[in-house]
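K.L.:
When the letters of the sequence shown are read in order and numbered with my numbering, they come out as residues 19 to 353.
Each residue gets a CB set at the ideal place from its N, CA and C atoms; glycine is no exception.
Structure provided below as structure tokens; questions to follow.
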Amino acid sequence: MTDLLLRAARGERTERPPVWLMRQAGRHLPEYRAVRADYTFREAISTPEVAAEITLQPWERYRPDGLVIFSDILVALEVLGFDYHIESGVGPVIDNPVTSPGEVERDRTPVPETLGYVGSLLELLDERVGDEVPLLGFAGGPFTLASYAIAGGSSRTHLPARRFRVEHPGAFSDFLEQLADVIRDHLAFQIRSGADVVQLFDTYAGVFTPADYERFVLPLHRDILADLDVPTIVFVRGMNGRLEQLRQSGADVVSLDWRVDMATARDELGDTPVQGNLDPSYLFGEPEYVREQTRAIIEAAGDRGHILNLGHGVHKDTPVASVAAFVEVAKAIER
């Protein structure tokens with residue numbers, strides 16, 4: 019198995035940067051759209067053979083240095099009895115959202131029982147390509163999941179969850195702690211099932227003030243990521259100027275969004291490995307433009323402890339040729 023990604027996550031010097039992309043398995047690929055024609059999104063992620071086929075599609079096309087499973091951050095909510103569906107043109111809709119403080123205490127089911135299909139997916143992938151490429155598992159973070167559960171779906175400002183935090187701080191903390199317990203169990207289950215690296219996506223937690231982040235989010239990130247047996251990555255969008263709070267999570271790698279200057283981040287974070295952080299919109303440029311911008315990220319990041327990625331996920335309309343150009347630049351580097 020290529021160990022570039024694992025070595026970079028440990029902060030080691032690598033002969034070239036390992037590369038993968040958030041949402042690399044997904045709607046930008048025509049073969050993905052062909053498979054999805056026969057399955058709903060939830061059917062696809064909960065059917066291991068189908069999810070494995072989709073996970074492997076970018077491997078067949080691009081040969082990235084990490085293979086992230088085709089799943090969704092919302093699956094962890096199933097453990098607490100939430101149901102959801104994907105509505106065309108709207109996105110995720112939570113069918114039984116939290117509407118009052120009395121609804122935050124919830125019965126939970128065992129992660130291996132409820133999310134067994136995620137474990138089966140990883141086992142299938144481990145059998146098929148586990149000796150060739152590291153497998154990446156992931157989970158949504160506590161605030162991000164809470165935002166969906168309280169708003170009943172996507173929220174641009176996350177005001178429903180932020181208002182709930184102000185009006186019911188005790189219930190809000192209790193809910194985040196319940197979610198954190200599920201998330202940690204979910205990541206541990208993925209590791210037992212074959213994940214070589216795991217990433218925590220608390221994408222929306224950057225909406226908190228620094229003080230509220232310190233109070234409500236950071237202790238839970240530390241608890242979730244502590245003592246996991248594989249390298250860990252944390253991603254929170256909108257943390258420019260607050261990277262130290264990400265470092266304090268205890269994650270092995272800090273994943274940077276596209277608004278963070280890579281050179282500045284390396285100065286601020288010292289020896290902490292980083293991931294990222296090409297602006298996903300750059301992939302709409304011509305391949306040579308993509309190559310130029312990608313080389314600039316690699317140069318700014320240096321030759322030690324850097325995993326090349328985007329600063330967010332691949333957009334559904336991204337040209338395949340641009341993704342290929344992005345990956346090819348990393349593979350062509352010689353140090």
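Starting from the N-terminal side, write out each stretch of the alpha helix (DSSP H) that is 4 residues or longer and does not extend beyond the stretch 190 to 265.
P.N.:
Complete alpha helix (DSSP H) runs here, min 4: 236 to 243 and 261 to 265.
K.L.:
Quick check: the Cα distance between valine 254 and alanine 55, rounded to an integer number of angstroms?
P.N.:
When rounded, the distance between both Cα atoms is 32 Å.
K.L.:
For my contact list, leucine 261 and alanine 283 are in at a C-beta cut-off of 8 Å; report their separation, rounded to the angstrom.
P.N.:
6 Å between Cβ atoms; contact.
K.L.:
Whole angstroms are fine: how far does the CA of arginine 313 sit from the CA of isoleucine 351?
P.N.:
Rounded to whole angstroms, isoleucine 351 to arginine 313 spans 9 Å at the Cα level.
K.L.:
Express the C-alpha separation of alanine 43 and leucine 153 in angstroms, rounding to a whole number.
P.N.:
Approximately 13 Å between the Cα atoms of the pair.
K.L.:
So does the stretch 125 to 140 actually touch the stretch 91 to 102, counting three or more Cβ pairs closer than 8 Å?
P.N.:
The stretch 125 to 140, when compared against the stretch 91 to 102, does touch it at the 8 Å Cβ threshold.
K.L.:
Taking the alpha helix (DSSP H) that serine 267 falls in, what are its first and last residues?
P.N.:
Serine 267 -> no alpha helix (DSSP H), and no H or E assigned at all.
K.L.:
Alpha carbon to alpha carbon, what distance is there between valine 116 and proline 160?
P.N.:
So the alpha carbons of these two residues sit roughly 14 Å apart.
K.L.:
Can you tell me whether DSSP reads alanine 157 as helix, strand or coil?
P.N.:
It is a strand residue.
K.L.:
According to the Cβ coordinates, are leucine 205 and alanine 269 closer than 8 Å?
P.N.:
No, they are not a contact pair.
K.L.:
Considering only the beta carbon of each residue, do leucine 142 and alanine 70 sit closer than 8 Å?
P.N.:
Yes, the Cβ-Cβ distance between leucine 142 and alanine 70 is below 8 Å.
K.L.:
Is DSSP giving glycine 171 helix, strand or coil here?
P.N.:
It is a strand residue.
K.L.:
Among Asn258, Arg240, Leu238 and Val272, which residue has its Cα nearest to the Cα of isoleucine 251?
P.N.:
Checked all of Asn258, Arg240, Leu238 and Val272; the closest Cα to isoleucine 251 is Val272.
K.L.:
With a 10 Å radius around its C-beta and 16 neighbouring C-beta atoms as the bar for buried, classify histidine 103 as buried or exposed.
P.N.:
Flag for histidine 103 reads exposed.
K.L.:
What is the DSSP secondary structure of glutamine 311, reduced to helix, strand or coil?
P.N.:
Helix.
K.L.:
Nearest to aspartate 297 by CA position, among Pro76, Leu177, Phe182 and Thr336, is which residue?
P.N.:
For the residues Pro76, Leu177, Phe182 and Thr336, the minimum Cα distance to aspartate 297 belongs to Thr336.
K.L.:
Here's the rule: buried if 16 or more other CB atoms are within 10 angstroms of the residue's CB, otherwise exposed. What is glycine 329?
P.N.:
So glycine 329 ends up on the buried side.
K.L.:
Going by C-alpha to C-alpha distance, which of Val97, Pro119, Asp149 and Phe182 sits closest to isoleucine 201?
P.N.:
Among Val97, Pro119, Asp149 and Phe182, the Cα nearest to that of isoleucine 201 belongs to Val97.
K.L.:
Taking the alpha helix (DSSP H) that isoleucine 63 belongs to, which residues open and close that run?
P.N.:
Counting along the chain, the alpha helix (DSSP H) containing isoleucine 63 begins and ends at 59 to 64.
K.L.:
Return the chain-ordered list of same chain residues with a C-beta closer than 6 Å to the C-beta of arginine 277, the five sequence neighbours on each side being excluded.
P.N.:
Taken in chain order, the residues that qualify are Asn258.
K.L.:
What separation, rounded to the nearest whole angstrom, lies between the Cα atoms of leucine 326 and valine 37?
P.N.:
About 5 Å.
K.L.:
Anyone know if the C-beta pair for leucine 354 and arginine 322 falls short of 8 Å?
P.N.:
Since the first and last residues shown for the chain are 19 and 353, residue 354 lies out of range.
K.L.:
In the DSSP assignment, what are the bridge partners of glycine 294?
P.N.:
Per DSSP, Leu326.
K.L.:
Look at the Cβ atom of glycine 84, then the Cβ atom of valine 215, and state whether they are nearer than 8 Å.
P.N.:
Cβ atoms of glycine 84 and valine 215: closer than 8 Å.
K.L.:
Exposed or buried, which one is leucine 177 when buried takes at least 16 other CB atoms within 10 Å?
P.N.:
Classification for leucine 177: exposed.
K.L.:
What's the gap between the Cα of glycine 148 and the Cα of methionine 19?
P.N.:
C-alpha separation (whole angstroms): 7 Å.
K.L.:
In this structure, how does DSSP classify valine 341 when only helix, strand and coil are distinguished?
P.N.:
It is helical.
K.L.:
Going by the beta-carbon positions, is the gap between valine 225 and glycine 256 smaller than 8 Å?
P.N.:
Result yes, Cβ atoms of valine 225 and glycine 256 sit closer than 8 Å.
K.L.:
For alanine 164, tell me which candidate among Gly155, Glu150 and Arg180 has the shortest Cα-Cα distance.
P.N.:
Per the Cα distances, Arg180.
K.L.:
Helix, strand or coil for glutamate 105? Go by DSSP, reduced to three states.
P.N.:
Correct three-state label for glutamate 105: strand.
K.L.:
Contact defined as beta carbons within less than 8 Å: I believe alanine 319 pairs with valine 292. What is the distance between those atoms, to the nearest angstrom?
P.N.:
Yes, alanine 319 and valine 292 are in contact; Cβ-Cβ is about 7 Å, under 8 Å.
K.L.:
Entirely within the stretch 120 to 160 and at least 4 residues each: give me those alpha helix (DSSP H) ranges in chain order.
P.N.:
Entirely contained in the stretch 120 to 160, the alpha helix (DSSP H) runs reaching 4 residues are, in chain order, 129 to 132 and 134 to 147.
K.L.:
Output needed for glycine 331: all residues of its chain with C-beta closer than 8 Å, excluding positions within five of it in sequence on either side, in chain order.
P.N.:
Closer than 8 Å at the Cβ level, and outside the excluded window around glycine 331, lie Leu39, Met40, Arg41, Gly44 and Pro298.
K.L.:
Short of 6 Å in beta carbon distance, which residues of its chain neighbour glutamate 105, apart from the five on each side in sequence? Order them along the chain.
P.N.:
Counting only Cβ-Cβ distances below 6 Å, and skipping sequence neighbours, we find Val111.
K.L.:
Buried or exposed: valine 184, going by 16 or more other Cβ atoms within 10 Å of its Cβ?
P.N.:
Exposed, because fewer than 16 other Cβ atoms sit within 10 Å of the Cβ of valine 184.
K.L.:
Report the three-state DSSP secondary structure of glutamate 22 (helix, strand or coil).
P.N.:
According to the sequence displayed, residue 22 carries leucine and not glutamate. Helix, per DSSP.
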